[in-house]
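Q: Line by line, the protein sequences are chains X and B. According to our numbering, the residues represented by the first sequence are 33 to 336, in order. According to our numbering, the residues represented by the second sequence are 4 to 155, in order. Glycine is no exception: its CB is placed at the ideal position from the N, C-alpha and C atoms.
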Amino acid sequence: MQHVISIHDISVEEIIDVLDRAEKLLPIARGEATTDLLRGKVLASIFFEPSTRTRLSFETAMNRLGGGVVGFAGAEASSVVKGETLADTIRMVSGYTDAIVVRHPREGAARLAAELSDVPILNAGDGAGQHPTQTLLDLFTIRKEMGRLEGLNISLTGDLRYGRTVHSLAIALAKFGNTINLVSPQGLEMPSEVVGFLKKSGMFGTACHSPEEVIEETDILYVTRIQKERFPDPVEYEKVAGLYRVDPELISCGPEDMIVMHPLPRVNEITPEVDAMPQAKYFTQAFNGVPVRMALLSMVMGEN
Amino acid sequence: MPEKYMKVERIKHGTVIDHILPTKAFDVLRVLKLSQDRSMSILINTNSQKGGKKDILKFENLELTGEQANLVALISPQATVNIIADGKVVKKFNTEAPGVVRGILTCSNPNCISNQNEPIVSEFRLSPDENHRYVCTYCERDIVDLAKYVRL
């Protein structure tokens, strides 16, 4: 694996490789063991857009592997404010470091970076485009929590139109042989090309507007944030948001071993009472970003 | 057909692009980026012997390359290209939609990195799974209505 740009570039076999390697690195990710695997290596962490989990987990991952991190968070802290292009920034940073993690507001930025960089590029989110490491950590969480990565009934819930992670997640889950239900408000449905892929692969379950319709046969309830700014009328938003609030009552309608995931940040789509329930796995999911990103960093920097 | 009834003169040397989708001749011209002062004939919505309507383009003293011919397929996949010498068709080939298109189109996504102030050549790939669908290499979005996004 040279770069990590799009989940579409990564084969099923490579995904399993990443997950297996992440599994082995778990004790180090938890701080129970130490390693010098990437000692002497430097990671550039360049974030032109805000990030909490992705940036901190990448930087933690590099530190846990014994390497160092340089970089910036926010375009205002870089020469972009002086008019420097992304291309020049990447050429320069690739001379300083052994790998670059980049988040950028424009779709395709990581692909351009990969073309120009002498060192591996890891895409930490490009606009409304790809966020492959999120998909990988979601798959890791599912395999870890459910004991398998196939034959599951997964209900993707919330903003399925603009949410950048759910598109690639839906495709990846279908490739592994899971049935996908799509639960979204009117106007925020999954794009037709993704629905087309699910139908073609025989992995399309149900599309509906209310989680109650699918909760009984759901193994994984994957919740995404409904963005207020998508609704011109705040009253409309409140009406819709109310329908998509995951609370103990909704969870009690699902199977006992159902789990609830969320890429975070959440606003109010999962009530705080759910956090203490055994089904709530979203903080574990966020932690899993560390071992998965450790696996990716060690793979792209060629260390076994 | 007697010469006097012909709508457009036959050409002696050059290229005829036939079976262009009706009303798409100007889009084909845009894709080919041929200079405006060139002698050419344009037939729009003319009757096709195969039934229905079609457009035709005729260029005097110009032989399209295979690469140029394939660009025609971006707009009209069924078009045929005939190379004329001494008034006769000496070469005829069906156009084939190119697998990769570089520098010809702009991405329809305004937030794509290829539409920013970056040193970048736009690139689109023909999707293997769908009919005549081009996907931006950078933002991975489809481009629809290709003619609208020809880089001038």
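1. My parser needs the beta strand (DSSP E) runs of 3 or more residues fully inside the region 25 to 62 of chain B; what are they?
2. What are the start and end residues of each continuous alpha helix (DSSP H) run of 4 or more residues lying completely inside the region 250 to 287 of chain X, in chain order?
3. Can you tell me whether X:V36 is buried or exposed, with buried defined as 16 or more other CB within 10 angstroms of its CB?
4. Give a yes or no on whether 8 angstroms exceeds the smallest Cβ distance from X:S157 to chain B.
5. Where in the region 68 to 110 of chain B do unbroken runs of the beta strand (DSSP E), each at least 3 residues long, occur, reported from the N-terminal end onward?
6. Which value, in whole angstroms, describes the spacing of the CA atoms of B:F62 and B:E12?
7. Would you kindly work out how many angstroms separate the C-alpha atoms of X:V322 and X:R262, rounded to a whole number?
8. Classify X:C285 as buried or exposed, calling it buried when 16 or more other Cβ atoms lie within 10 Å of its own Cβ.
9. Rounded to whole angstroms, how far is the Cβ of X:G99 from the Cβ of X:T67, which I believe are closer than 8 angstroms?
10. What does DSSP give as the partner residues of B:D145 in its beta bridges?
11. Tell me, to the nearest whole angstrom, how far the beta carbon of X:T256 is from that of X:V198; I am working on the premise that it is less than 8 angstroms.
12. Can you tell which of X:V44, X:A105 and X:T86 has its C-alpha closest to the C-alpha of X:N320?
13. Please confirm whether B:N112 has its beta-carbon closer than 8 angstroms to some beta-carbon of chain X.
14. Can you tell which of X:D289, X:A206 and X:I78 has the C-alpha that lies nearest to the C-alpha of X:T167?
15. With the cut-off set at 8 angstroms, would you say X:F90 and X:R325 are in Cβ contact?
16. If we define contact as Cβ-Cβ less than 8 angstroms, is X:F123 a contact residue for chain B?
17. Which residues in the same chain as X:S242 place their Cβ atom closer than 8 angstroms to its Cβ, once the five residues preceding and following it in sequence are excluded?
18. Starting from X:A293, follow its DSSP beta bridges and name the residues at the other end.
19. Are the C-beta atoms of X:S43 and some chain B residue less than 8 angstroms apart?
20. Tell me which same chain residues have a C-beta within less than 6 angstroms of the C-beta of X:S200, skipping the five on either side of it?
21. Taking Cβ-Cβ distances shorter than 8 angstroms, what residues in chain X pair up with B:I107?
22. In terms of residues, what are the limits of the beta strand (DSSP E) holding X:D52?
23. Mind the definition here: the region 51 to 65 of chain B touches the region 96 to 112 of chain B only if three or more C-beta pairs lie below 8 angstroms; say whether that holds.
24. Taking the beta strand (DSSP E) that X:S77 belongs to, which residues open and close that run?
25. Going straight from the alpha carbon of X:P304 to that of X:I258, what length do you get?
26. Quick one, which residues of the region 130 to 149 of chain X are near chain B if we go by CB-CB under 7 angstroms, in chain order?
27. With a 10 Å radius around its C-beta and 16 neighbouring C-beta atoms as the bar for buried, classify B:E126 as buried or exposed.
28. With 9 angstroms as the limit, tell me which residues of the region 68 to 90 of chain B have their beta carbon closer than that to any beta carbon of chain X; keep them in chain order.
29. Would X:Y269 and X:L188 be called neighbours here (beta carbons separated by less than 8 angstroms)?
30. What residues from chain B crowd round X:A119, counting only those whose CB sits closer than 8 angstroms?
31. Among B:S79, B:Y141, B:K91 and B:C139, which residue has its Cα nearest to the Cα of B:N97?
32. Tell me the rounded alpha-carbon separation between X:D158 and X:E139.
33. Any beta carbon from chain B within less than 8 angstroms of X:G161's own beta carbon?
34. By DSSP, does B:I116 sit in helix, in strand, or in coil?
35. Roughly how many angstroms lie between the CA atoms of X:E245 and X:Q218, to the nearest whole one?
36. Can the beta-carbon of B:T82 be found less than 8 angstroms from the beta-carbon of B:I23?
A: Working from what's here:
1. You should have 43 to 50.
2. Segments of the alpha helix (DSSP H) lying fully in the region 250 to 287 of chain X: 266 to 275 and 280 to 284.
3. Buried: at least 16 other Cβ atoms inside 10 Å.
4. Sequence inspection shows Gly at residue 157 of chain X; the Ser mentioned does not correspond to that position. By this cut-off, X:G157 is not an interface position.
5. Assignment of beta strand (DSSP E) within the region 68 to 110 of chain B, counting only whole runs of 3 or more residues, yields 83 to 88, 91 to 97 and 103 to 105 in chain order.
6. Looking at the two C-alpha atoms, the distance is approximately 11 angstroms.
7. Taking the straight line from one Cα to the other gives about 31 angstroms.
8. So X:C285 ends up on the exposed side.
9. Under the criterion of beta carbons closer than 8 angstroms, X:G99 and X:T67 do not qualify as touching, at roughly 10 angstroms.
10. BP columns for B:D145 point to B:V138.
11. Taking the Cβ atoms as the reference, X:T256 lies roughly 6 angstroms from X:V198, within the contact range of under 8 angstroms.
12. Comparing Cα-Cα distances from X:N320 to each of X:V44, X:A105 and X:T86, the minimum goes to X:T86.
13. Using beta-carbon distances, B:N112 counts as an interface residue toward chain X, with a partner under 8 angstroms.
14. Looking at the Cα atoms, X:A206 is the closest of the given residues.
15. Yes, the pair counts as a contact, with Cβ atoms nearer than the cut-off.
16. Here the sequence assigns Arg to residue 123 of chain X, which means Phe is not the residue at that position. At least 8 angstroms separates the CB of X:R123 from every CB of chain B.
17. Same-chain partners within the cutoff: V215 and L275.
18. Checking the sequence, you will find Met at residue 293 of chain X rather than Ala. DSSP lists X:Y254 as partners of X:M293.
19. Not closer than 8 angstroms to any Cβ of chain B, the Cβ of X:S43 fails to qualify, so no.
20. A distance below 6 angstroms between beta-carbons, with the five flanking residues on each side excluded, links X:S200 to the following residues of its chain, in chain order: I39 and T167.
21. Those do not exist, as B:I107 stays about 17 angstroms from chain X at its closest Cβ, beyond 8 angstroms.
22. It is not in any beta strand (DSSP E) - X:D52 instead sits in the alpha helix (DSSP H) that spans V44 to A61.
23. Not touching, per the Cβ criterion.
24. Start and end: V74 to F79.
25. Across the structure, X:P304 and X:I258 are spaced so that their CA atoms are roughly 17 angstroms apart.
26. Only R138, E139, G140, A141, R143 and L144 from the region 130 to 149 of chain X bring a Cβ to less than 7 angstroms from some Cβ of chain B.
27. The residue is buried, with at least 16 neighbouring Cβ atoms inside 10 Å.
28. Cβ proximity to chain X below 9 angstroms picks out nothing from the region 68 to 90 of chain B.
29. Taking C-beta atoms as the reference points, X:Y269 and X:L188 fail to come closer than 8 angstroms.
30. The contacting residues are E121, P122 and I123.
31. The residue among B:S79, B:Y141, B:K91 and B:C139 with its C-alpha nearest the C-alpha of B:N97 is B:S79.
32. Their backbone Cα atoms lie some 5 angstroms apart in a straight line.
33. For X:G161, the closest Cβ of chain B is nearer than 8 angstroms.
34. Correct three-state label for B:I116: helix.
35. Cα to Cα, the separation comes out at about 15 angstroms.
36. Looking at the sequence shown, residue 82 of chain B is not Thr but Ala. With contacts defined by Cβ atoms closer than 8 angstroms, B:A82 and B:I23 form a contacting pair.
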